[in-house]
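Engineer: To start, I am sharing the structure in question, which I have written as structure tokens.
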Amino acid sequence: MTDEPSAAEPSAAPIAPDEAALRLAEALVFASAGPVGARALSQLLPENVDADAVIAALRERYAGRGVELVEVGGGVQFRTAPDLSPRLRKVIEIPRRLPRVAMETLAIIAYHQPVTRPEIEEIRGTSLSQQTLDALLEANLIAPKGRKESPGRPTLWGTAPQFLAQFGLKDLRELPRREDLLLEPPQPAVQPQASEETASESSSPSSLVTDH
Amino acid sequence: MTDEPSAAEPSAAPIAPDEAALRLAEALVFASAGPVGARALSQLLPENVDADAVIAALRERYAGRGVELVEVGGGVQFRTAPDLSPRLRKVIEIPRRLPRVAMETLAIIAYHQPVTRPEIEEIRGTSLSQQTLDALLEANLIAPKGRKESPGRPTLWGTAPQFLAQFGLKDLRELPRREDLLLEPPQPAVQPQASEETASESSSPSSLVTDH
Amino acid sequence: MSASDTREPDSLLLHLEGFEGPLDLLLDLARAQKVDLAKISILSLVDQYLAVIEGARRIRLELAADWLVMAAWLTWLKSRLLLPDGGEAAEEAEVAADILAARLRDLQAIRAGAVWLGTRPQLGQDVFARGAPEDHTEIDRSRLVLDLASLVRAYLLAVRRGAGTRRYQPRQLSLWSVKDALQRLASLLGSVPDWTSLDHFLPDTLGGPLERRAALASTLLAGLELARSGEVRLRQERDFGPILVRRAADGVEEGA
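Chains A, B and C, in that order, give the protein sequences.
Counting in my numbering, the first sequence runs from 35 upward without gaps.
Counting in my numbering, the second sequence runs from 35 upward without gaps.
Counting in my numbering, the third sequence runs from 62 upward without gaps.
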């Protein structure tokens, strides 16, 4: 801006910072963990060199490049150009698992659809939080399938098309049959620790399920 | 490749990568905490752009500046120019240099890896202190590389990736051959970048033995 | 480095603690003897080492065991090296001398390697990487991992646990209490002009027949309660017939 070509003036007009000063400033700003202020820079520069002028020259040198010199709290810092950040963004996909409660609810819906929330609670033997239902809805795994014609007309739930896709099933008939899962006769001899309780537990569900 | 103004030349001469590719590469390498490999870079660049050519152009652009593009194990990285170190050290906090014992142990591990602690002690003719091993481990320069199938199954040690990065090596083959090391005297400061200070510092360990 | 061959063992003694073990001293002595370690005389090296140890003993300097072990071994080596050539013992000594020379060369190579490493501009010491790297990674946790096996496992678990819970905790029936019935009867009576069956005062949402019977009983009790205080009148026209209720208009007329 003010770089007059007149060489007569001694030191009033700021002289263009030399390459050595620019290199040093560049390295310092680059290597510093935080912003570098003009004062910190001037400690490194020869006495007659104006730190602000060096910073200005450095900023100009980097203008429009992939890395820019930006002013932040307390000084300057190199930052990648904002327009490049979408391309630099690296998305790391960490797939998550469904929480146990959600998985159980999904399984009950898959096997008993269409099924109401009270029925799900009945089968699981515990209440079902709205949060769990919402999570399954959000994941597109379940969908409402009308309402049951009973007092209160509760919503009926069933699996959504996404359910088949997620589990790699062609259709719902590809799910293992409930009979194959539940109706195995209990084997007390094999499981010595399994008491009557276990036996009656595993046989009862199918009857309970059909009652409703 | 195709935006050649002179239609006479086919495609033999590599054309300079365009500014957009340079900006992107510059930003990627700048942003990264560690070296950036050509593969990571080419994933970011348009398909028809040669990552190596971009790296070469970028290196040239930064040649002689305060920050340079260097090739180290695992890819390229921006680093401050070596000649600036005496001045940068005044303002940047640096960890203590490794003592001579640690450097020798590191050299043994680098040349003889994978190597056990008793083997290291055999070569140095003296026992290895836990402190030295800890210092090398803490600096991330060495890493355990399994166990030797011999009585006691002692741990085998080798250099860690940080070893290459710290000493600015592309790979382990850049270490001088043992035969060359035995040729006396060791070439003093082959690197033009190595400042006087570095050179005198690094030559001192050997003189320590005789002078003191 | 500038040490000459004529160095006095005594001058070394003063710095013995500066050496890292006997091998370090041997290497130093060897390098003082010849720049090329391949050309050193092991015999004179042995003599030099033993002279240093002897000097240490003379001034009663305490030496660590490994120094003395090396001295003993070198004494043995020297005695064998002095034997005339050809004998088995002489050959043995030659092999041992070669091994010692090789170890010295190994150590020398490592020393030089360490020095070479030291001349490299070190990251964080001489050259610096970016002080404030940027992290452009983003973590996407939107994808679900699901497999059929865990679905089936979850189903079995849920159903079994559900059955277990039911066994121990019979389902709580929400029965229509007398208090509920009193409230409902009192609020509805105003809108009922004439004799009305008690059935009409039952709540709309009743599960099964059990709940219905319970509600009817509660409502009857509520009616009796209100009749006792003279607010309603009750009537049953035949045995097991519907029980009728009406607001008491003026005074008490007939009993139930």
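C-beta atoms are modelled at their ideal positions from N, C-alpha and C, and glycine is treated no differently.
Predicted, not measured: the structure shown is a model, and the values here were computed from it.
Have a look at A54/B and L184/C and give me their C-alpha separation to the nearest angstrom.
Structural biologist: When rounded, the distance between both Cα atoms is 30 Å.
Engineer: CA-CA distance, I143/A and F197/A?
Structural biologist: Straight-line Cα distance between these residues: approximately 11 Å.
Engineer: My output table needs one value for Q183/C: the three-state DSSP class, helix, strand or coil.
Structural biologist: Q183/C falls in the coil class under three-state DSSP.
Engineer: Mind pulling the chain B residues with CB within less than 9 Å of L62/A?
Structural biologist: By Cβ distance, chain B contributes G100, T114, L118, R121, L122, V125 and I126.
Engineer: For S184/A, which residues in the same chain have their Cβ closer than 7 Å to its Cβ, ignoring the five residues on either side in sequence?
Structural biologist: Closer than 7 Å at the Cβ level, and outside the excluded window around S184/A, lies no residue.
Engineer: Strictly by DSSP, which residues pair up with D112/A?
Structural biologist: Residue identity check: residue 112/A is Phe in the sequence provided, not Asp. The partner list for F112/A (beta bridge, DSSP) reads L103/A.
Engineer: Helix, strand or coil for P120/B? Go by DSSP, reduced to three states.
Structural biologist: Helix at P120/B.
Engineer: Classify T160/B as helix, strand or coil using the three-state DSSP reduction.
Structural biologist: Correct three-state label for T160/B: coil.
Engineer: Specify, as a first and last residue, the run of the beta strand (DSSP E) that I176/B falls within.
Structural biologist: I176 to R181 is the span of the beta strand (DSSP E), which, as asked, contains I176/B.
Engineer: Which chain C residues sit within Cβ distance under 8 Å of Y145/A?
Structural biologist: Result: Y216.
Engineer: Kindly indicate if chain C contains any beta-carbon less than 8 Å away from that of R73/B.
Structural biologist: No, its Cβ sits nowhere closer than 8 Å to a Cβ of chain C.
Engineer: Compare the Cα-Cα distances from R204/C to each of V63/A, G107/A, A169/A and D117/A and report the closest residue.
Structural biologist: It is A169/A.
Engineer: So V63/B is in the alpha helix (DSSP H); what residue range does that whole segment cover?
Structural biologist: From DSSP, the alpha helix (DSSP H) with V63/B extends over E53 to A65.
Engineer: Looking at E60/A and V101/B, is the spacing between their C-beta atoms short of 8 Å?
Structural biologist: A contact, by the Cβ cut-off of 8 Å.
Engineer: List, in order along the chain, the chain C residues whose C-beta lies closer than 7 Å to that of Q111/A?
Structural biologist: A193, listed in chain order.
Engineer: Counting C-beta neighbours from all protein chains within 10 Å, is the total for W191/B 16 or more, i.e. buried, or is it exposed?
Structural biologist: W191/B comes out buried.
Engineer: Quick check: the Cα distance between R207/A and L212/C, rounded to an integer number of angstroms?
Structural biologist: The alpha-carbon atoms of R207/A and L212/C are separated by roughly 15 Å.
Engineer: Name, please, each residue of chain A whose Cβ falls closer than 7 Å to the Cβ of R274/C.
Structural biologist: None at all; the shortest Cβ gap to chain A is about 17 Å.
Engineer: Less than 7 Å between C-beta atoms, sequence neighbours within five positions excluded: which residues of the same chain meet that for Q221/B?
Structural biologist: Only weak support is given to the placement of Q221/B: the predicted model assigns it a pLDDT of 45, under 50, and the question is left unresolved by the model.
Engineer: Can you list, in chain order, the residues of its chain with a C-beta nearer than 6 Å to that of R130/A? Leave out the 5 residues immediately preceding and following it.
Structural biologist: Once the five neighbours on either side are set aside, R130/A has no close Cβ partner at all.
Engineer: DSSP three-state label for S252/C, please.
Structural biologist: Coil.
Engineer: In whole angstroms, give me the CA-to-CA distance for L75/B and L62/B.
Structural biologist: Using only the alpha carbons, I get a separation of about 8 Å.
Engineer: With C-beta atoms as the reference, is A150/C less than 8 Å away from L143/C?
Structural biologist: Their beta carbons are not under 8 Å apart, which means A150/C does not touch L143/C by this criterion.
Engineer: How would you write the range of the beta strand (DSSP E) that A192/B sits in, first residue to last?
Structural biologist: Here the sequence assigns Gly to residue 192/B, which means Ala is not the residue at that position. Residues T189 to T193.
Engineer: Can you tell me whether R92/C is buried or exposed? The criterion is at least 16 other CB atoms within 10 Å of its CB, across all chains shown.
Structural biologist: Counting Cβ neighbours within 10 Å, R92/C comes out buried, since at least 16 surround it.
Engineer: Exposed or buried, which one is R181/B when buried takes at least 16 other CB atoms within 10 Å?
Structural biologist: R181/B comes out exposed.
Engineer: Exposed or buried, which one is T139/A when buried takes at least 16 other CB atoms within 10 Å?
Structural biologist: Buried, by the Cβ-count rule.
Engineer: Going by DSSP, what residue range makes up the beta strand (DSSP E) through E199/C?
Structural biologist: Note, E199/C: beta strand (DSSP E), T198 to D201.
Engineer: Distance cutoff 8 Å, beta carbons only. Does V188/C sit that close to anything in chain B?
Structural biologist: Yes - at least one Cβ of chain B is within 8 Å of the one on V188/C.
Engineer: So, with DSSP's three-state summary, where would you put I304/C?
Structural biologist: If DSSP states are grouped into helix, strand and coil, I304/C belongs with the strands.
Engineer: Excluding sequence positions up to five away, which residues of its chain have a Cβ less than 8 Å from the Cβ of R151/B?
Structural biologist: L162, L167, P188, T189 and W191, listed in sequence order.
Engineer: Identify the contact partners of F116/C in chain B, using a Cβ-Cβ distance below 9 Å as the criterion.
Structural biologist: The identity of residue 116/C in the sequence shown is Gly, whereas the question assumes Phe. The premise fails here: G116/C is roughly 18 Å from chain B at the closest Cβ pair, so nothing lies under 9 Å.
Engineer: Output needed for A72/A: all residues of its chain with C-beta closer than 8 Å, excluding positions within five of it in sequence on either side, in chain order.
Structural biologist: The residues are A85, D86, I89 and G109.
Engineer: Is E81/C close to chain B, meaning its C-beta is less than 8 Å from at least one C-beta of that chain?
Structural biologist: For E81/C, the answer is yes, since a Cβ of chain B falls inside 8 Å of its Cβ.
Engineer: Do L103/B and L92/B have their C-beta atoms closer together than 8 Å?
Structural biologist: Cβ atoms of L103/B and L92/B: closer than 8 Å.
Engineer: Beta-carbon of R166/C versus every beta-carbon of chain B: anything under 8 Å?
Structural biologist: True, the Cβ-Cβ gap to chain B drops below 8 Å.
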